[in-house]
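Only one structure is covered here, and it is reproduced in the block below.
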Amino acid sequence: GDSVTQMEGPVTLSEEAFLTINCTYTATGYPSLFWYVQYPGEGLQLLLKATKADDKGSNKGFEATYRKETTSFHLEKGSVQVSDSAVYFCALSYNYGGSQGNLIFGKGTKLSVKP
Amino acid sequence: ETGVTQSPTHLIKTRGQQVTLRCSSQSGHNTVSWYQQALGQGPQFIFQYYREEENGRGNFPPRFSGLQFPNYSSELNVNALELDDSALYLCASSFVGGTEAFFGQGTRLTVV
Numbered sequence: 003g004d005s006v007t008q009m010e011g012p013v014t015l016s017e018e019a020f021l022t023i024n025c026t027y028t029a030t031g032y033p034s035l036f037w038y039v040q041y042p043g044e045g046l047q048l049l050l051k052a053t054k055a056d057d058k059g060s061n062k063g064f065e066a067t068y069r070k071e072t073t074s075f076h077l078e079k080g081s082v083q084v085s086d087s088a089v090y091f092c093a094l095s096y097n098y099g100g101s102q103g104n105l106i107f108g109k110g111t112k113l114s115v116k117p
Numbered sequence: 020e021t022g023v024t025q026s027p028t029h030l031i032k033t034r035g036q037q038v039t040l041r042c043s044s045q046s047g048h049n050t051v052s053w054y055q056q057a058l059g060q061g062p063q064f065i066f067q068y069y070r071e072e073e074n075g076r077g078n079f080p081p082r083f084s085g086l087q088f089p090n091y092s093s094e095l096n097v098n099a100l101e102l103d104d105s106a107l108y109l110c111a112s113s114f115v116g117g118t119e120a121f122f123g124q125g126t127r128l129t130v131v
């Protein structure tokens, strides 16, 4: 079945450091890929998405490129801030007749950014 | 602000009891999905409702059931609670033709 694998956390960085969180997927078809972020005590917020191969999603300085050849969707940010401290989830879903199906999530990667 | 609201925010139940969790979808959204997020894990899909009917289900037993109402609000019911049901339950709403789901802040259920 379909699945998502993320790098184990926690990841601890100093402010202004470069961030990479690895995500690979196994899919039977051609899913859309997502990164969600969860701040302490809150639900999930969509960070960025890509719907087809070679698409790049970007938001708030974060980027991820849909790589079909390596089945990857790694999250990157050039300079992290303390406010980026959160848990990041990679996910996939299929589009059925124009609507998004259920999301399949990775286990999440906790990021802590120190001043 | 996503506009998806869940109630209650926290709940403690005893093993064997039944629980009902509620979700109010974002305005204009007619599809609602429920997810279970165990501590330290990613959310797991429970089921989805569209036009008041179940429209897909994950690997959860029948004691997990749901309802969607004409105003697109939704309930998740869990019977015969087990200790392993302790988790954060997330509701997400979307609309037909949309490619993004909007999540509520979740209900933290503790079964003792």
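Heads up: the sequence lines are chains L and D, in that order.
Sequential numbering of the first sequence, starting at 3, is according to this note's numbering.
Sequential numbering of the second sequence, starting at 20, is according to this note's numbering.
Glycine is no exception: its CB is placed at the ideal position from the N, C-alpha and C atoms.
All of these numbers come straight from a predicted model, not from anything done at the bench.
Classification of Ile31 (chain D) by the beta-carbon crowding that lies within 10 angstroms, buried from 16 upward: Here residue 31 (chain D) refers to the residue found at position 12 of the second sequence. It counts as exposed.
Member of D:Asn90, D:Tyr91, D:Ser105 whose CA lies at the smallest distance from the CA of Val97 (chain D): Position 78 of the second sequence, counting from 1, holds the residue named residue 97 (chain D). Cα-wise, what sits closest to Val97 (chain D) is D:Ser105.
Segment contact flag, the region 23-39 of chain L with the region 64-80 of chain L, C-beta cutoff 8 Å, min 3 pairs: yes
Local conformation of Leu102 (chain D) per DSSP, three classes: What you label residue 102 (chain D) is simply residue 83 of the second sequence in a count that begins at 1. Residue state, collapsed to three classes: helix.
6 Å Cβ shell around Ser43 (chain D) - same chain, five flanking residues per side excluded: Walking along the second sequence from the start, residue 43 (chain D) turns up at place 24. Hits under 6 Å: Thr24, Ser92.
The ligand GTP heavy atom lying under 7 Å from the CB of Met9 (chain L): By its list of ligands, the structure shown contains no ligand whatsoever, and the ligand GTP lies outside what it can speak to.
Extent of the continuous beta strand (DSSP E) to which Gln63 (chain D) belongs: What you label residue 63 (chain D) is simply residue 44 of the second sequence in a count that begins at 1. Looking at the DSSP string, the run of the beta strand (DSSP E) that includes Gln63 (chain D) is 63-69.
Val131 (chain D) versus Val84 (chain L) - alpha carbon distance: Within the second sequence, numbered from 1, the residue matching residue 131 (chain D) stands at position 112. Within the first sequence, numbered from 1, the residue matching residue 84 (chain L) stands at position 82. Their Cα atoms are separated by approximately 36 Å.
Chain-order list of residues whose beta-carbon lies under 7 Å from that of Glu20 (chain D) (same chain, five-residue window excluded): In the second sequence, the residue the question calls residue 20 (chain D) occupies position 1. Legend: pLDDT at Glu20 (chain D) = 46, less than 50; position of this residue unreliable, value from coordinates given subsequently. There are no such residues.
Nonlocal neighbours in the same chain, by C-beta distance under 7 Å from Thr26 (chain L), ignoring five residues either side: Indexing the first sequence from 1 puts residue 26 (chain L) at position 24. So the qualifying residues of the chain are Thr7, Thr73, Ser74.
Chain L within 8 Å of Ser52 (chain D), Cβ atoms only: Here residue 52 (chain D) is taken as the residue at index 33 of the second sequence, counted from 1. For Ser52 (chain D), at least one C-beta of chain L is nearer than 8 Å to its own C-beta.
DSSP bridge partner residues for Leu107 (chain D) (one or two, in chain order): The residue labelled residue 107 (chain D) in the question sits at position 88 within the second sequence. In DSSP, Leu107 (chain D) forms a bridge with D:Gln56, D:Arg127.
Proximal chain L residues relative to Gln60 (chain D), where beta-carbon distance stays under 8 Å: As a position in the second sequence, residue 60 (chain D) is number 41, starting the count at 1. Here the neighbours are Lys109, Gly110.
7 Å Cβ shell around Thr14 (chain L) - same chain, five flanking residues per side excluded: In the first sequence, counting from the first residue as 1, residue 14 (chain L) sits at position 12. Closer than 7 Å at the Cβ level, and outside the excluded window around Thr14 (chain L), lie Ser114, Lys116.
Beta carbon proximity, Gln67 (chain D) to chain L, threshold 8 Å: On the second sequence, position 48 is the one that residue 67 (chain D) refers to. So, interface residue.
Chain-ordered residues of the region 51-62 of chain L with a beta carbon less than 9 Å from chain D: Of all residues in the region 51-62 of chain L, only Lys51, Thr53 come within less than 9 Å of chain D when Cβ atoms are compared, listed by chain position.
Among L:Asp86, L:Ala55, L:Ser60, the one whose alpha carbon lies nearest that of Glu71 (chain L): Working through the first sequence from its first residue, we reach residue 71 (chain L) at position 69. If we check each option's Cα against that of Glu71 (chain L), L:Ala55 comes out closest.
Simplified DSSP state of Gly93 (chain D), which is helix, strand or coil: Start at 1 with the first residue of the second sequence, and residue 93 (chain D) comes out as number 74. According to the sequence shown, residue 93 (chain D) is Ser rather than Gly. The DSSP-derived three-state label of Ser93 (chain D) is strand.
Given Gly35 (chain D) as reference, the closest of D:Ala111, D:Cys110, D:Glu101, D:Ala120 once Cα atoms are compared: Taking the first residue of the second sequence as position 1, residue 35 (chain D) is located at position 16. Nearest of D:Ala111, D:Cys110, D:Glu101, D:Ala120 to Gly35 (chain D), Cα basis: D:Glu101.
Where Phe107 (chain L) falls, given that 16 or more other Cβ within 10 Å makes a residue buried: For the purposes of this step, residue 107 (chain L) is identified with residue 105 of the first sequence, where counting begins at 1. Flag for Phe107 (chain L) reads buried.
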